[in-house]
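Residue numbers (my numbering): 112 to 290.
All residues carry an ideal CB built from backbone N, CA and C; glycine is no exception.
Right, one structure below, let's go through it.
Below, the structure is given as structure tokens:
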């Protein structure tokens, strides 16, 4: 087990002290925005309007997402495995939650599950099994063509104007803050 001591910036693992800065920082990839009731906002290459989610790499370096997973079930963290794609620094990546199960890194990505408009668990899990980003125990009920996600301060809220693939914080877009 590892513990971060409040008074000291020292990480202790198996009784060994590890100097600050010697461990790699976890990539800052999050589920930034999603839509669980897509009626006409974002169309896939089949002409359908499936649910979708947006990953955002907030770090200063690219992150390879091979082996990362997405899930809508807390008891099945490796439900859908991402292929070998690299999300550039400060960039977004759209994945359709369509139940079409497409993993071609050169095409649209589609999970093997859909999102529930009634609300459910949603998570991005790193290859070592740590939950990197989650809406837990569940996100709130969703509305047609209204997205949900995190604003620039990390607060969860609805977005009146969905912004797949771009910044959520456009003028007059922020819906109610969810606490």
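Nearest-angstrom Cα separation, counted from residue 260 out to residue 142 | 8 Å
Counting only the same chain and skipping the five closest in sequence on each side, list residues whose C-beta sits under 6 Å from that of residue 239.
-> none
Just the C-alpha distance for residue 210 and residue 170, rounded to the nearest angstrom, thanks.
-> 29 Å
May I have a chain-ordered list of the beta strand (DSSP E) segments no shorter than 3 residues that lie completely inside the stretch 140-205?
-> 140-146, 162-168 and 180-182
Taking the alpha carbon of residue 175 as the point to measure from, which residue in 146, 148 and 198 has its own alpha carbon closest?
-> 198
8 Å contact criterion, which residue 192 and residue 180 should meet: CB distance rounded | 5 Å
Cα-Cα separation between residue 173 and residue 151, rounded to whole angstroms = 31 Å
Under the three-state DSSP convention, the category residue 252 falls into = coil
Nearest CA to the CA of residue 221: which residue from 140, 154 and 262?
-> 154
Buried or exposed (CB count within 10 angstroms, at least 16 for buried), residue 234 | buried
For my contact list, residue 232 and residue 246 are in at a C-beta cut-off of 8 Å; report their separation, rounded to the angstrom.
-> 7 Å
Please classify residue 216: is it buried, with 16 or more other beta-carbons within 10 angstroms of its beta-carbon, or exposed?
-> exposed
Using the beta-carbon count (16 or more within 10 Å), is residue 149 buried or exposed?
-> buried
Measuring CB to CB, does residue 293 end up less than 9 Å from residue 205?
-> Only positions 112 to 290 of the chain appear in the structure, and residue 293 is not among them; the question remains open.
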